[in-house]
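A.B. asks:
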Amino acid sequence: MKQIGLVRHHRVTEGYPTKGWISAADIEAWIERYDVSTIDVQPVELGNIDWTLCYASSMPRAVQTAKSVYSEDIIVTDLLREVPFPTIRSRIRLPFLAWALIGRLVAPFSKRIQAEIKDANQRITVLLNQLTFEQGEHDRVLLVGHGGMMILMRTALKKRGYVGPRFGHPRNGMLYLFEKREVRS
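Taking the working numbering, I'd label the letters of the sequence shown as residues -16 to 168.
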């Protein structure tokens, strides 16, 4: 496998909560709506590469995105599912951005969130090992998933010798190309 393309799903039509102060329960309800929301399909520039295989997260927004960019059979897998948004048990009400910030701040200290990240990294390892063993004619693989998983995937690919772009917050519907150079004797 020489090229791996990472694509974050298209933008979800369920926008972020913008109505003033919301509770933790409101955040959980929003996450449920976000997970089943439709997407805003836009053209995706895939770099004029003839992708030989496409994997997509089993979440509907990723499957819909994969179908919009890849015309062959798509392998749908739970291995690319998103790391869940951290939930916080509280009765206080805060603006959405404050909840998002709190979620980021508590993540390093939450055993549950750290376990989710560990699980996600293990799923990435399983997928990359599968791709290595199934290499054959599939040396240009497209992976359609989610922002958090893409950040973890980037780290895993770098450790395996792939070269690709840096990103902090992957954009929806954009190709991030990673290449592994062949070592010549």
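We put the beta carbon where it would ideally sit given N, CA and C, even for glycine.
So, Asp122 versus Thr35, is the Cβ gap smaller than 8 Å?
C.D. replies: Yes, the pair counts as a contact, with Cβ atoms nearer than the cut-off.
A.B. asks: Using the Cβ count rule (16 or more neighbours within 10 Å means buried), how would you classify Ser40?
C.D. replies: buried
A.B. asks: Which full runs of the beta strand (DSSP E) of 3+ residues lie inside the stretch 67 to 134, going along the chain?
C.D. replies: 123 to 128
A.B. asks: Give the DSSP bridge partners of Asp23, in chain order.
C.D. replies: Arg(-6)
A.B. asks: Tell me whether Ala8 is buried or exposed, calling it buried when 16 or more other Cβ atoms sit within 10 Å of its Cβ.
C.D. replies: By the neighbour-count rule (16 or more Cβ atoms within 10 Å), Ala8 is not buried but exposed.
A.B. asks: How far does the alpha helix (DSSP H) with Val52 in it extend, from its first residue to its last?
C.D. replies: 43 to 52
A.B. asks: Using 10 angstroms around the beta-carbon of Val124, count the other beta-carbons present and answer buried if the total reaches 16, otherwise exposed.
C.D. replies: buried
A.B. asks: In the DSSP output, what is Thr60 paired with across the bridge?
C.D. replies: Ser40
A.B. asks: For Leu169, name the three-state secondary structure that DSSP assigns.
C.D. replies: This structure does not reach residue 169, given that the chain is present from -16 up to 168, and the question cannot be answered.
A.B. asks: On the three-state DSSP scale, how would you describe Ile29?
C.D. replies: Per the sequence shown, the amino acid found at residue 29 is Leu instead of Ile. Of the three classes helix, strand and coil, the one that applies to Leu29 here is coil, per DSSP.
A.B. asks: Does the Cβ of Ile22 have 16 or more other Cβ atoms within 10 Å, making it buried, or fewer, making it exposed?
C.D. replies: With 16 or more neighbouring CB atoms inside 10 Å of its own CB, Ile22 falls in the buried class.
A.B. asks: Contact check, Leu173 vs Gln(-14) under 8 Å by CB: the rounded distance?
C.D. replies: Because the chain spans -16 through 168 in this model, residue 173 falls outside it and cannot be assessed.
A.B. asks: With a Cβ-Cβ cutoff of 8 Å, do Val(-5) and Arg64 count as a contact?
C.D. replies: no
A.B. asks: Measuring only the C-alpha atoms, how far is Arg149 from Val127?
C.D. replies: 17 Å
A.B. asks: Hey, out of Gly(-2), Leu140, Val66, whose CA is closest to Arg164's CA?
C.D. replies: Leu140
A.B. asks: Could you say which of Arg(-9), Asn31, Ile107 lies nearest to Arg143 if we only look at CA atoms?
C.D. replies: Ranking the options by Cα distance to Arg143, first place goes to Ile107.
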